[in-house]
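Asker:
Number of protein chains: 2
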Amino acid sequence: MATDLSSASTEVTAKAKPAGANDTKASRREVKVPKGTRDFDPLQMAIREKVFGIVTGVFKRHGGVALDTPVFELKETLMGKYGEDSKLIYDLADQGGELSSLRYDLTVPFARYLATKKLTSMRRYHIAKVYRRDNPARGRYREFYQCDFDIAGQYESMVPDFEILKVLAEILDKLNIGDYEVKLNHRRLLDGMLELCGVPAEKFRTICSAIDKLDKLAWEDVRKEMVLDKGLTEDVADKIGSLVKMRGKPMELLDELMKEDSPFCGNAASQQALAELKQLFTFMDVGKCINRFVFDLSLARGLDYYTGVIFEAVFTGTVKMGSIAAGGRYDDLVGMFSGVQVPSVGMSLGIERVFAIMEGQAGQLTVRKTQTQVLVLGIGKSLWNVAIGIASELWELEIATEFRCVAPGKIKKQLSDASEKDGIPWVVLVGQDELNQGIVKLRDMAAKQEEEVRRDNLAADLQSRICACAALKGLTI
Amino acid sequence: MATDLSSASTEVTAKAKPAGANDTKASRREVKVPKGTRDFDPLQMAIREKVFGIVTGVFKRHGGVALDTPVFELKETLMGKYGEDSKLIYDLADQGGELSSLRYDLTVPFARYLATKKLTSMRRYHIAKVYRRDNPARGRYREFYQCDFDIAGQYESMVPDFEILKVLAEILDKLNIGDYEVKLNHRRLLDGMLELCGVPAEKFRTICSAIDKLDKLAWEDVRKEMVLDKGLTEDVADKIGSLVKMRGKPMELLDELMKEDSPFCGNAASQQALAELKQLFTFMDVGKCINRFVFDLSLARGLDYYTGVIFEAVFTGTVKMGSIAAGGRYDDLVGMFSGVQVPSVGMSLGIERVFAIMEGQAGQLTVRKTQTQVLVLGIGKSLWNVAIGIASELWELEIATEFRCVAPGKIKKQLSDASEKDGIPWVVLVGQDELNQGIVKLRDMAAKQEEEVRRDNLAADLQSRICACAALKGLTI
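Next comes the structure, spelled out in structure tokens:
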């Protein structure tokens, strides 16, 4: 789903702001990444891995299979899919041969994949970076992750739509980073509404784009755009204004809109959309996720390719930030490539904002950058070979091990680094005097205790200690 | 490390050849990926995940921390690093603002990262795609994975070099896809050799490029290039020819080259390199990996930035293919960005060739595309809600579940798909008659047996069955 998920501009993102933001102060000799991009350092990578683990877990538990596509597509593949946002597409230079562009989202490559392989059904997930030439000054990244889950194929009405929404709610629950709500609407209900208000059919998409700005602009500004820029009469704009204000609990608002005195009564497109929503809300009620959703007639979504249910998730708790996930049904996109219609529905999670929140909480987390269990210290040059021999025995047993060769005076520094910076639980101290007796010292870093262990039994000994420790902690090595 | 790791052109890669190879036959309306790129379908993704799991496991057990960098870098960051191969760099179009290029390898971005963050030591791994505008007609991918592990910082001589080689040997052993050997040489030994043979210093790098072609070209062709294109006398070329033929077990050849009657005797650069190699080979002997290595004076490596030990791994068994991994020491690269020298050594594994071999073996593997444990079938439209309710209970317990709503006549097809295509172990059949008695049917797909289970106890019942099953198999859900 193409959506505004690239931003991570909240109060918690000070650390993570894009390179280039300090350009004016930066010295000329500074070595930088391109504007709007960033490196992920080891602590951020540990958080990223954790988040992806949660997300992938939910995707897999819903029968999702993984897919990956090239980072760039033929330019013609991306053309005509993103409406006004197409100007943000990154092109590769013409170095002879085909014209290509970096992917703008993961939905169009998925549809292109189905068309390429002539597939008519698939339940796939894809976690990868996408690229948009947006304005880094507004806190937007130009390279950012999306986590997509889509169900393509012929199914009973609203069954896959329900499952996509269930997947989204499960992920946001499990990420456990704040209260959220998912706004939900239906493209054909929106079309029916515009028809009822007297908007000509050829202006539906551009008026949708205007309505879509209601989460950032006041109604007065949107009304101005409709009247001055897009040529609606004031009367028509005001009719739209009265309807897009409607929002509420899904079943309650739906019942109201289905009443005989509802403005939607008698409009065929709207009636079909309302009947579909009734089925969907029933499934969501049974699936115990409907309390996360708000039926909101102002939700429009800017993209051209949506054809049915549309939705967008936002945080509502102490952390205020824009859209964190979005998606909808797009029944005609695959057919734009292959001529064969493959009805599809999907969601896209903009994980940068989740990272931003988690990085803000990282002080409270105990995230280790390495998994190292044992540090072997060879004390003095003559003992390097012994330290390497011990480390090699431990690697053979698949025990995460580092070794250092240090001068006798530097042991203290190594021990404090191992304990404070790296959180390594065990240190083996290899000294000549002990070795002459066939032993080494083993230090338990948490207990701050040392004991002597036979050199020839060291690897087996450490293995059983580490296993016992892991068992105690429930296998979280 | 920049190296020729993009190719996967062996006898096992027929399935995986790049898009575009069939261009002449393809119809005009075909929807394609750009030339030299490819999609990874779910089966390939399952293999990829398995391979990355093995590789990451070894990296982490050696204290590696993860790093990720943007897929494109400022063009100036990549300039002057890749010698003659710079022509293969992909540029982004100039759409206003900075000029950027897709990364060509992971080594230069790592060095740039250290310079950007002013770090002087790091032990990092990075698994990501890199981009080269190579010729797809030669079976080369233009987008392919590299798995890099590098150790930057001041250490005792040859200690990190040993560990990089140990990591490489561990990975190739654990991948278990065929016999291999790692060719090893030293850039300063090579320089000493060229000096001894009478090559002028300004021609060292270009003569190295010629020597580097010896794994693909006969000596006669390389000699011709040296004499005709690069202006060496025949006498000098022949001296080089006699030396680059030398190869053998590391310690044995080293002892020979260190003898008093060796041609390298008295050449200072060579003597220092030989002393370093002696220390390295001692560590490798203690670390029990030296038997994987061959000391080979013809190994030159094309890139500009190597300054010490260099190496390259090739398969030697029934699977014959080119370089699968390569790397070396590059002490000056970080300083090219920051002015601060940060000695570094690293390896890069070209995983596409590993994928190609594993995909060739995939027939023998039992790789499931999904992890689905339970399929819930609601039989008839009136039971959809019940099926969705059951599935939601199972998701709540983190049991991987799919559900389908099917007409009574289509159960057989669903069961055979579940068993043969998807390998799902359990199917719940929800029918109205059973449900009236408070039960559903549970089918054990392996045993081909059905039993009746109480609806209100179903989720707990399935959970204990799946746990018992997982315990039996040693937790491989």
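Line by line, the protein sequences give chains A and B. Residue numbers for the first sequence follow my numbering, beginning at -7 and rising by one. Residue numbers for the second sequence follow my numbering, beginning at -7 and rising by one. Virtual Cβ for every residue (Gly too), placed ideally from N, Cα, C.
1. DSSP on Ser374 (chain B), reduced to helix/strand/coil?
2. How about Cys397 (chain B): is its C-beta nearer than 8 angstroms to some C-beta of chain A?
3. Which two residues bound the contiguous alpha helix (DSSP H) that contains Leu106 (chain A)?
4. Is the shortest distance between the beta-carbon of Leu59 (chain A) and the beta-carbons of chain B less than 8 angstroms?
5. At least one CB of chain A closer than 8 angstroms to the CB of Val4 (chain B): is that the case?
6. In chain order, what residues of the same chain have a beta carbon less than 7 angstroms from the beta carbon of Ile478 (chain A), not counting five sequence neighbours either side?
7. How would you write the range of the beta strand (DSSP E) that Ala144 (chain A) sits in, first residue to last?
8. Any chance the region 333 to 340 of chain B sits against the region 367 to 387 of chain B, with 3 or more Cβ pairs inside 8 angstroms?
9. So that I know if they touch, is there some Cβ in chain A lying closer than 8 angstroms to that of Arg20 (chain B)?
10. Thinking Asp288 (chain A) and Arg239 (chain A) are a contact (beta carbons under 8 angstroms), I'd like their distance in whole angstroms, please.
11. Taking only beta-carbon atoms, is Leu98 (chain A) less than 8 angstroms away from chain B?
12. For Val63 (chain B), go through chain A and note every residue whose CB falls closer than 9 angstroms to its CB, in chain order.
13. Can you give me the C-alpha to C-alpha distance between Thr16 (chain B) and Arg116 (chain A), rounded to a whole angstrom?
14. Quick one: measure Cβ to Cβ for Leu80 (chain B) and Asp126 (chain B), integer angstroms, because I've assumed they're closer than 8 angstroms.
15. Does the beta carbon of Leu84 (chain B) sit closer than 8 angstroms to a beta carbon anywhere in chain A?
16. Looking at the C-beta of Thr16 (chain A), does it have a partner C-beta in chain B at a distance below 8 angstroms?
17. On the three-state DSSP scale, how would you describe Arg447 (chain A)?
18. Measuring alpha carbon to alpha carbon, tell me which residue in A:Ala103, A:Asp436, A:Ile203, A:Glu388 is nearest Ser336 (chain A).
19. Can you check whether the C-beta of Lys402 (chain B) is within less than 8 angstroms of a C-beta belonging to chain A?
20. Could one say the Cβ of Thr108 (chain A) lies closer than 8 angstroms to chain B's Cβ atoms, at least one of them?
21. Under 8 angstroms by Cβ, that's how I've got Ala318 (chain B) and Asp204 (chain B) pegged, so tell me the actual separation to the nearest angstrom.
22. Applying the criterion that 16 or more other CB atoms from any shown protein chain within 10 Å of the CB defines a buried residue, is Gly88 (chain A) buried or exposed?
23. Pick helix, strand or coil for Ala462 (chain A), following the three-state DSSP scheme.
24. Report the neighbours of Leu66 (chain B) on chain A: residues whose CB is nearer than 8 angstroms to its CB, in chain order.
25. Should Asp171 (chain B) and Phe347 (chain B) be called a contact, given that it needs their Cβ atoms to be closer than 8 angstroms?
26. What residues in its chain sit with their C-beta under 7 angstroms from that of Met150 (chain B), if we drop five residues either side in the sequence?
27. I want to verify the contact list: residues of chain B whose CB lies under 8 angstroms from the CB of Ile541 (chain A), in sequence order.
28. Could one say the Cβ of Asn377 (chain B) lies closer than 8 angstroms to chain A's Cβ atoms, at least one of them?
29. Taking 8 angstroms as the threshold (beta carbon to beta carbon), is Tyr297 (chain B) in contact with chain A?
30. So is Asp77 (chain A) buried or exposed if we call it buried at 16+ other beta carbons inside 10 Å?
31. For chain A, check one thing: does any of its Cβ atoms lie closer than 8 angstroms to the Cβ of Val228 (chain B)?
32. Please state if the CB of Arg197 (chain B) and the CB of Asp296 (chain B) are separated by a distance shorter than 8 angstroms.
33. Quick check: Met185 (chain A) and Ser234 (chain A), are their CB atoms within less than 8 angstroms of each other?
34. Do you know whose CA, among B:Ala202, B:Lys109, B:Ala210, lies nearest Asp221 (chain B)'s CA?
35. Could you give the C-beta distance for Val219 (chain A) and Glu226 (chain A), rounded to a whole number, given that I count them as a contact under 8 angstroms?
36. Where are the beta strand (DSSP E) runs, 3 residues long or more, that stay fully inside the region 288 to 358 of chain B, in chain order?
Answerer: Taking the coordinates as given:
1. Shown here, Ser374 (chain B) sits in a helix according to DSSP, grouped into three states.
2. Taking Cβ atoms only, chain A reaches closer than 8 angstroms to Cys397 (chain B), which makes this a yes.
3. Per DSSP, Leu106 (chain A) is one residue of the alpha helix (DSSP H) stretching across 99 to 108.
4. Chain B contact via Cβ: present.
5. Residue confidence is low: Val4 (chain B) scores 32 on pLDDT, short of 50, so the model does not pin down where it sits. No coordinate-derived value is stated.
6. In this structure chain A extends from -7 to 469, so residue 478 (chain A) is not present and cannot be described.
7. According to the DSSP assignment, Ala144 (chain A) belongs to the beta strand (DSSP E) that extends over 135 to 144.
8. By the Cβ test, the region 333 to 340 of chain B is not in contact with the region 367 to 387 of chain B, since fewer than three Cβ pairs between them sit closer than 8 angstroms.
9. At Arg20 (chain B), the pLDDT of 39 sits below 50, so the modelled position is not reliable; the number obtained from the coordinates is stated separately. So, not an interface residue.
10. With a Cβ gap of about 4 angstroms, Asp288 (chain A) and Arg239 (chain A) count as contacting.
11. False, the Cβ-Cβ gap to chain B never drops below 8 angstroms.
12. Neighbours of Val63 (chain B) on chain A, chain order: Thr29, Val63, Leu94, Lys121, Tyr123, Glu135.
13. In this prediction, Thr16 (chain B) scores a pLDDT of 38, lower than 50, which makes its location untrustworthy; no coordinate-derived value is stated.
14. About 6 angstroms separates the two Cβ atoms, so the contact holds.
15. So, interface residue.
16. At Thr16 (chain A) the pLDDT is 37, less than 50, meaning the model places this residue with poor confidence and gives no usable figure here.
17. Here Arg447 (chain A) sits in helix by DSSP.
18. It is A:Ala103.
19. False, the Cβ-Cβ gap to chain A never drops below 8 angstroms.
20. For Thr108 (chain A), the answer is yes, since a Cβ of chain B falls inside 8 angstroms of its Cβ.
21. The Cβ separation is near 11 angstroms, so there is no contact.
22. Burial state of Gly88 (chain A) is exposed, judged by a 10 Å Cβ sphere holding fewer than 16 other Cβ atoms.
23. Assigned with DSSP and collapsed to three states, Ala462 (chain A) falls in helix.
24. The answer, in chain order, is Lys24, Val25, Pro26.
25. Contact annotation: Asp171 (chain B) and Phe347 (chain B) have beta-carbon atoms that are not nearer than 8 angstroms.
26. So the list reads Glu268, Gln271, Leu272, Phe275, once near-sequence residues are dropped.
27. No statement about residue 541 (chain A) is possible, as the shown extent of chain A runs from -7 to 469 and does not include it.
28. Answer yes: the Cβ-Cβ gap between Asn377 (chain B) and chain A drops below 8 angstroms somewhere.
29. Taking Cβ atoms only, chain A never reaches closer than 8 angstroms to Tyr297 (chain B), which makes this a no.
30. Buried: at least 16 other Cβ atoms inside 10 Å.
31. Interface flag for Val228 (chain B) against chain A is unset, since no Cβ pair is found closer than 8 angstroms.
32. Cβ distance < 8 angstroms, so Asp296 (chain B) and Arg197 (chain B) count as in contact.
33. With a cutoff of 8 angstroms on beta-carbon distance, Met185 (chain A) and Ser234 (chain A) are scored as not near each other.
34. For Asp221 (chain B), the closest C-alpha among the options B:Ala202, B:Lys109, B:Ala210 is that of B:Ala202.
35. Between Glu226 (chain A) and Val219 (chain A) the Cβ distance is about 6 angstroms, and since that is below 8 angstroms, they are a contact.
36. The DSSP assignment places 301 to 307, 315 to 321, 336 to 342 as complete runs of the beta strand (DSSP E) inside the region 288 to 358 of chain B, in order along the chain (cut-off: 3 residues).
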